[in-house]
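Residue numbers (our numbering): 2 to 239.
Using N, Cα and C, we set each Cβ at its ideal position, and we do this for glycine too.
The model shown is predicted, which means the values in this text are computed figures rather than measured ones.
Contents: one structure, followed by commentary.
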Amino acid sequence: MSLIINVKNLTKEYNSSKAVVRSLRGVDLTIDEGETVAIVGESGAGKSTLLHILGTLEAPSSGEVIINGINPFENGYKHTGSTNLFKAIRAESKLAKFRNKNIGFVFQFHHLLPEFTAFENVMMPILIRGGKSAELKDRAEDLLYAVGLKERITHKPSELSGGEQQRVAIARAMVLNPTILLADEPSGNLDSKTSDKIHDLLMDLNETRKTTMIIVTHNLNFAKDMKKVITMVDGKIA
């Protein structure tokens, strides 16, 4: 297996009215291609911040993040408050393209568009990228079949159960064939039985599609099924 993520001395600070809040304090991390990784720890330990930086949703304050051999935060994109609006927009556009190509996201709440069907929601990343081919439509349909929604693809979110909605969200995250899937408490809003089904689904997708999966979870039983478990304490890896 080849190295897909390499993080060195990563820090993240937020300025509040009272003090500087240090969310990450020198994190070092390596993840191999196809690996399953659980990030666990108490609330406020820095789990979601780390996940957001790996997903390029936030920029680090310092340190290095290499994903698929690329540092997506180069060229000065550090949220430093630059007044050069054109430069900031261009950097964000470049970052969005990188994110769209390499990374899929699943959050605790599915964030499906209520006016669209399950199939249309899964197609949304394809349409945003500008693709409309029959092959891509087939891929979206195949993924909905793979997550167990063959009979539900024309249903809107209001007509689906919580577990089914999260399955649609997982299919949407996978439709562009990302090399990395990031999930932040993907079953945290579900009952235990449905939660177990979502966990099994994610592990099956890793097995069949070899997608690298990094999952923030409070479910230690789920974490134990992952190849690597990272415990965070006070912004550091314990």
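Same chain, Cβ closer than 8 Å to residue i, five either side skipped, listed in chain order
i	result
Thr-118	Ile-154, Thr-155, His-156 and Lys-157
Phe-110	Asn-190
Lys-79	The predicted position of Lys-79 is uncertain, since its pLDDT is 46 and thus under 50; a value taken from the coordinates is nonetheless stated next. Ala-60, Pro-61 and Ser-62.
Bridge-paired residues (DSSP) for residue i
i	result
Phe-106	Leu-183
Glu-14	Arg-23
Asn-178	Answer is none; Asn-178 lacks a bridge partner.
Glu-65	Lys-9
Met-233	Ile-238
Ala-39	Ile-216 and Val-230
Cβ shell of residue i (< 6 Å), same chain only, five flanking positions each side left out
i	result
Gly-105	Ala-174, Met-175, Pro-179 and Leu-182
Ala-170	Val-107 and His-111
Thr-232	Val-41, Gly-42 and Ala-239
Ser-188	Ser-196 and Ile-199
Cβ-based neighbour list, residue i, same chain, cut-off 7 Å, excluding 5 preceding and 5 following
i	result
Gly-149	Arg-168
Leu-113	Asn-122, Pro-158, Gln-166, Val-169 and Ala-170
Leu-206	Met-175 and Thr-212
Proximity of residue i and residue j at Cβ, strictly below 9 Å
i	j	result
Glu-36	Met-204	no
Lys-229	Ala-39	yes
Lys-151	Glu-65	no
Leu-51	Leu-25	yes
Asp-261	Leu-4	Residue coverage of the chain in this structure runs from 2 to 239, which leaves residue 261 outside it and unanswerable.
Thr-209	Ala-147	yes
Asn-101	Arg-130	yes
Ile-216	Ala-184	yes
Presumed contact (8 Å Cβ cut-off) between residue i and residue j, rounded CB distance
i	j	result
Leu-96	Pro-73	6 Å
Continuous beta strand (DSSP E) assignments of at least 3 residues falling wholly in the region 192-221: 213-217
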